[in-house]
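Residue numbers (the working numbering): 114 to 286.
What follows is one structure encoded as structure tokens, with my remarks underneath.
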Amino acid sequence: MIEYNAFETQRLIIKPTSLEDAPFIYELVNTPKWLKFIGDRDIKSLDDAKEYIINSMLPQLAKLGFSNYTVIRKSDKAKIGTCGLYDREGLEGIDIGFAFLPQYEKNGYAFESCTKLKEIGLNEFGITTLNAITTPDNTSSQRLLEKLGLQFDKIVKIANDKEELFLYTLNSH
Numbered sequence: 114m115i116e117y118n119a120f121e122t123q124r125l126i127i128k129p130t131s132l133e134d135a136p137f138i139y140e141l142v143n144t145p146k147w148l149k150f151i152g153d154r155d156i157k158s159l160d161d162a163k164e165y166i167i168n169s170m171l172p173q174l175a176k177l178g179f180s181n182y183t184v185i186r187k188s189d190k191a192k193i194g195t196c197g198l199y200d201r202e203g204l205e206g207i208d209i210g211f212a213f214l215p216q217y218e219k220n221g222y223a224f225e226s227c228t229k230l231k232e233i234g235l236n237e238f239g240i241t242t243l244n245a246i247t248t249p250d251n252t253s254s255q256r257l258l259e260k261l262g263l264q265f266d267k268i269v270k271i272a273n274d275k276e277e278l279f280l281y282t283l284n285s286h
């Protein structure tokens, strides 16, 4: 089996999401903010969470070497959120995304983990265009994207989604 790199920041370990993360993923995707801003993935059991990891995360990791990462706080080894680089259907370039359990929000963890992933994506994975999508009402995510250096580009709709989304972009050239 191929080993994929984990990354570290001062406070965090950022490791590729694996099947051992299924209980955490189950909890995260059923939080109110995930359901409101990202959408219901119909994950109603641990088995559903495992299938989601197997079908939605691991194939891209194997194909591109990056995907969804579980963010772990070093101080207590708590799994606190996810951030990732995604090859999303209907979007040019690679999409950066993040989600954190409510009790870990507003501590700078999303900015810290996404800054590291942005740096790795641009410098090690050779990504030249970094995108992000957010619902128009998700102002906290929009502020974080702008802090990361992405700028509002336009309103888009992506495959299998009726909702209009804000597209943020960062070109490294």
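Where is the CB? At the ideal position from N, CA and C, for every residue including glycine.
{"Query": "Using a Cβ-Cβ cutoff of less than 8 angstroms, which residues in the same chain neighbour C227 once the five nearest sequence positions on both sides are dropped?", "Result": "C196, I209, F211, L257, L261"}
{"Query": "Within 10 Å of its beta-carbon, does T297 have 16 or more other beta-carbons around it, so buried, or fewer, so exposed?", "Result": "Because the chain is modelled from 114 through 286, residue 297 falls outside the range shown and cannot be assessed."}
{"Query": "State the Cα-Cα distance for the pair R124 and F238, rounded to the nearest angstrom.", "Result": "23 angstroms"}
{"Query": "Whose C-alpha, out of D189, T247, N273, N284, is nearest the C-alpha of K149?", "Result": "T247"}
{"Query": "Would you say K229 and T122 are within 9 angstroms of each other, going by their C-beta atoms?", "Result": "yes"}
{"Query": "Tell me where the alpha helix (DSSP H) around R256 begins and ends.", "Result": "252-260"}
{"Query": "Alpha carbon to alpha carbon, what distance is there between A162 and G178?", "Result": "21 angstroms"}
{"Query": "Verify whether the separation of the beta carbon atoms of F213 and G194 is less than 9 angstroms.", "Result": "yes"}
{"Query": "Among I207, Y199, Y281, which one has its Cα closest to the Cα of V269?", "Result": "Y281"}
{"Query": "If you reduce the DSSP assignment to three classes, tell me which class F279 lands in.", "Result": "strand"}
{"Query": "By DSSP, does T242 sit in helix, in strand, or in coil?", "Result": "strand"}
{"Query": "Whose C-alpha, out of F120, T130, I151, I126, is nearest the C-alpha of K275?", "Result": "I151"}
{"Query": "Among N143, T241, S169, which residue has its Cα nearest to the Cα of L132?", "Result": "S169"}
{"Query": "Would you grab the beta carbon distance between I240 and I207 for me? Rounded to a whole angstrom, and I think it's under 8 angstroms.", "Result": "5 angstroms"}
{"Query": "Bridge partners of D274, per DSSP?", "Result": "Beta-bridge pairing links D274 to no other residue."}
{"Query": "Output the distance between the C-alpha atoms of N284 and G234, rounded to the nearest integer angstrom.", "Result": "12 angstroms"}
{"Query": "Taking 9 angstroms as the cut-off, decide whether the C-beta atoms of K129 and S180 are in contact.", "Result": "Reading off the sequence, residue 129 comes out as Pro, not Lys. A contact, by the Cβ cut-off of 9 angstroms."}
{"Query": "Go through its chain and collect everything with a Cβ distance to I185's Cβ below 8 angstroms, but skip five positions before and after it.", "Result": "L125, I126, I127, K128, A191, K192, I193"}
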